[in-house]
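A.B. asks: In the working numbering, the protein residues as written are 13 to 504. Think of the CB as a built atom: it goes at the ideal place given N, C-alpha and C, for glycine as much as any other residue. Below is one structure. I have some questions about it.
See below:
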């Protein structure tokens, strides 16, 4: 009962330093954020996004089998991509308007409806035959339904993930799941030499995901306010939601259009997404190169694994350099530059080992921009769900419209015209044969166009790096530092 020593008592009476307080706050926030990322609503949202990626990967993977089974040429399959992208683009404003009109609290219902429509159309697509018009209608319906997945899932993910410094990891995890599903879907078509069964399987899984979204996500919204759980402002979030519902959609769009950062995001989206749409012809290129089925499947799995690692690596690097005012744009630029070199080497690789090396490096680096910069910057610029939905829909609308014209259809048209100038006028009718001439023509068109578009995208990322004012960032950091010190003094 002698009591504590004076030194011991004095050590407990000293207030915690601001650095210690911030470190403890960061550790607590990281632990809670990690638990939030691994919660059931977030996992269901990520699974739905993964199924969306699997469905989008089925089209490009089915190109070799479609031209083999039905005799469709490159331009016809380019029209399929055109129909899907245009319907995807023009239905985007509708999904953004739904989020603005009915708030993000109704997002699970909209997400469930989109999954159901997309699942049914994919299921019927697998049962349809060789009628080109029927396939075009089904792919257009499928694109219109899939268009709601990205804005709805990203909005819900931003609402559930608490801290901005966890957004990169959350979107990286989403990209990881998307790459896994895309790889499995595309490799299954090649390995089983059947395009209809994978379509039907993905369609049925989408219907199951629709039921899960309607049940569990709606229950999570009712039981937990969809607001950052660490900011302690649930009532404020409700008031903000009511307030933002009263703001006219035109006023929100005018406010967004005046932001220079939005113009940079829009510009890089237009030119950065076109080369990925051209990748629909990669499997056809490998077939024309004379690669075996086993080699193509192994390349698909390898690039899928590289894309998984690249997506999470991009999110991690974006979070690591987010303290720097221009950190996230610089990560995106580095990924695009390395990706351009890797793409050129991959498209002109004649041997399996070269294709394996450069394909992995391409998907390991060129995928950084989305989880490292695009999604986190959009989430940081716009905290209101309605504004966030509008910027996502506008960017995807313009990106898909540009890809629908300048992506796979343009590559298919140029390649078809180049090969048609051969002395044998029936070259495009025998696509099932290996042809180095056709492979070189396709690789040349893909490389030249991709290099041009990705260079322009890097230019917009450079503008983004200087649009985000370092002085503003420093001022915000000083404000946060003073707030932490003030809270630390009050706690002491």
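Please list the segments of the alpha helix (DSSP H) lying wholly inside the segment 288-335, counting only runs of 4 or more residues, in order along the chain.
C.D. replies: 294-300 and 305-332
A.B. asks: Select from 325, 425 and 361 the residue whose C-alpha is nearest the C-alpha of residue 181.
C.D. replies: Walking along the chain shown from the start, residue 181 turns up at place 169. For residue 181, the nearest C-alpha among the options comes from 325.
A.B. asks: What did DSSP end up calling residue 434 once you bin it into helix, strand or coil?
C.D. replies: Sequence index remark: in the chain shown, residue 434 carries index 422 (1-based). With a pLDDT of 48 at residue 434, under the threshold of 50, the modelled position of this residue cannot be trusted, and the question is left open.
A.B. asks: How far does the alpha helix (DSSP H) with residue 228 in it extend, from its first residue to its last?
C.D. replies: Stepping through the chain shown from its first residue, residue 228 is reached at position 216. Careful: residue 228 lies outside any alpha helix (DSSP H) and carries neither H nor E.
A.B. asks: Give a yes or no on contact between the segment 408-426 and the segment 276-296, applying the rule of three or more CB pairs nearer than 8 Å.
C.D. replies: yes
A.B. asks: Quick check: residue 355 and residue 459, are their CB atoms within less than 8 Å of each other?
C.D. replies: As a working note, residue 355 is residue 343 in the chain shown. As a working note, residue 459 is residue 447 in the chain shown. Yes, they are a contact pair.
A.B. asks: Using 8 Å as the cut-off, can you tell me whether the segment 218-232 makes contact with the segment 68-83, which would need three or more C-beta pairs spanning the two stretches below that distance?
C.D. replies: no
A.B. asks: In its own chain, which residues sit with a C-beta less than 8 Å from the C-beta of residue 140, not counting the 5 before and 5 after it?
C.D. replies: Your numbering for residue 140 matches position 128 in the chain shown. Same-chain partners within the cutoff: 146, 147 and 150.
A.B. asks: What separation, rounded to the nearest whole angstrom, lies between the Cα atoms of residue 265 and residue 133?
C.D. replies: Residue 265 sits at position 253 when you count from the first residue of the chain shown. Residue 133 sits at position 121 when you count from the first residue of the chain shown. Answer to the nearest angstrom: the Cα atoms are 32 Å apart.
A.B. asks: Please tell me whether residue 100 and residue 155 are closer than 8 Å, where the distance is taken between their beta carbons.
C.D. replies: In the chain shown, residue 100 corresponds to position 88, counting from 1. In the chain shown, residue 155 corresponds to position 143, counting from 1. In contact: residue 100 and residue 155 (Cβ atoms closer than 8 Å).
A.B. asks: Check for me: the alpha helix (DSSP H) holding residue 388 runs from which residue to which?
C.D. replies: Counting from one through the chain shown, the residue named residue 388 turns up at place 376. Per DSSP, residue 388 belongs to the alpha helix (DSSP H) from 387-393.
A.B. asks: To the nearest angstrom, how far is the alpha carbon of residue 91 from that of residue 336?
C.D. replies: For the purposes of this step, residue 91 is taken as residue 79 along the chain shown, with counting starting at 1. For the purposes of this step, residue 336 is taken as residue 324 along the chain shown, with counting starting at 1. Straight-line Cα distance between these residues: approximately 44 Å.
A.B. asks: If we call anything under 8 Å between Cβ atoms a contact, is residue 338 one with residue 384?
C.D. replies: Along the chain shown, read from residue 1 onward, the residue named residue 338 stands at position 326. Along the chain shown, read from residue 1 onward, the residue named residue 384 stands at position 372. For residue 338 and residue 384, no; Cβs fall outside 8 Å.
A.B. asks: Evaluate residue 64 with the Cβ neighbour count: other Cβ atoms within 10 Å of its Cβ, from every protein chain shown; 16 or more gives buried, anything less gives exposed.
C.D. replies: Start at 1 with the first residue of the chain shown, and residue 64 comes out as number 52. Under this definition residue 64 is a buried residue.
A.B. asks: Between the Cα of residue 276 and the Cα atoms of 59, 67, 55 and 477, which residue gives the shortest distance?
C.D. replies: Counting from one through the chain shown, the residue named residue 276 turns up at place 264. With distances taken between Cα atoms, residue 276 lies closest to 477.
A.B. asks: Would you grab the beta carbon distance between residue 67 and residue 158 for me? Rounded to a whole angstrom, and I think it's under 8 Å.
C.D. replies: Counting from 1 along the chain shown, the entry for residue 67 is found at position 55. Counting from 1 along the chain shown, the entry for residue 158 is found at position 146. So it is a contact: roughly 6 Å between Cβ atoms.
A.B. asks: Within the same chain, show all residues whose beta-carbon is closer than 8 Å to that of residue 333, passing over the 5 residues directly before and after it, in chain order.
C.D. replies: Counted from its first residue, the chain shown places residue 333 at position 321. If we look at residue 333 and ignore the five residues flanking it on each side, its Cβ neighbours are 339, 340, 342 and 343.
A.B. asks: Tell me, please, whether the segment 158-167 touches the segment 107-126 by the rule of three or more beta-carbon pairs shorter than 8 Å.
C.D. replies: yes
A.B. asks: Just checking my contact of residue 465 with residue 286 at CB under 8 Å: how many whole Å lie between their CB atoms?
C.D. replies: Against the chain shown, residue 465 aligns to sequence position 453. Against the chain shown, residue 286 aligns to sequence position 274. Yes, they are in contact, since the Cβ atoms of residue 465 and residue 286 sit about 5 Å apart, within 8 Å.
A.B. asks: By the three-class DSSP mapping on this structure, what secondary structure does residue 379 have?
C.D. replies: Translated into the one-based positions of the chain shown, residue 379 becomes position 367. Residue 379: coil per DSSP, three-state reduction.
A.B. asks: Which residues in the same chain as residue 218 place their Cβ atom closer than 6 Å to its Cβ, once the five residues preceding and following it in sequence are excluded?
C.D. replies: Translated into the one-based positions of the chain shown, residue 218 becomes position 206. These residues qualify, in order along the chain: 63, 127, 130 and 131.
A.B. asks: In its own chain, which residues sit with a C-beta less than 7 Å from the C-beta of residue 222, not counting the 5 before and 5 after it?
C.D. replies: For this step, residue 222 is matched to residue 210 along the chain shown. Only 124, 127, 128 and 131 meet the Cβ criterion.
A.B. asks: On the three-pair Cβ rule with 8 Å, is the segment 416-428 touching the segment 111-125?
C.D. replies: Output reads no: the segment 111-125 does not touch the segment 416-428.
A.B. asks: Within its chain, find whatever has a CB closer than 6 Å to the CB of residue 89; leave out the 5 residues flanking it on each side and keep chain order.
C.D. replies: Counting from one through the chain shown, the residue named residue 89 turns up at place 77. Excluding sequence neighbours, residue 89 sits near 75.
A.B. asks: Helix, strand or coil for residue 120? Go by DSSP, reduced to three states.
C.D. replies: Position 108 of the chain shown, counting from 1, holds the residue named residue 120. It is helical.
A.B. asks: Quick one: is residue 366 buried, meaning 16 or more other Cβ sit within 10 Å of its Cβ, or exposed?
C.D. replies: In the chain shown, the residue the question calls residue 366 occupies position 354. Exposed is the call here.
A.B. asks: For chain D, check one thing: does any of its Cβ atoms lie closer than 8 Å to the Cβ of residue 274?
C.D. replies: Included in the structure is just one protein chain, with no chain D present.
A.B. asks: Contact defined as beta carbons within less than 8 Å: I believe residue 186 pairs with residue 119. What is the distance between those atoms, to the nearest angstrom?
C.D. replies: Start at 1 with the first residue of the chain shown, and residue 186 comes out as number 174. Start at 1 with the first residue of the chain shown, and residue 119 comes out as number 107. Contact flag wrong, Cβ pair sits at about 16 Å.
A.B. asks: Residue 56: which of 189, 345 and 330 sits nearest, CA to CA?
C.D. replies: Within the chain shown, numbered from 1, the residue matching residue 56 stands at position 44. Nearest C-alpha to residue 56: 189.
A.B. asks: Is DSSP giving residue 130 helix, strand or coil here?
C.D. replies: Indexing the chain shown from 1 puts residue 130 at position 118. Residue 130: helix per DSSP, three-state reduction.
A.B. asks: Mind reading off the beta-carbon distance from residue 348 to residue 470? Whole number of angstroms is fine, and I expect it under 8 Å.
C.D. replies: Along the chain shown, read from residue 1 onward, the residue named residue 348 stands at position 336. Along the chain shown, read from residue 1 onward, the residue named residue 470 stands at position 458. That belief holds up - the Cβ atoms of residue 348 and residue 470 are roughly 5 Å apart, short of 8 Å.
A.B. asks: Skipping 5 residues on each side, what residues in its chain have a beta carbon closer than 6 Å to that of residue 473?
C.D. replies: Working through the chain shown from its first residue, we reach residue 473 at position 461. Hits under 6 Å: 280, 341, 344 and 345.
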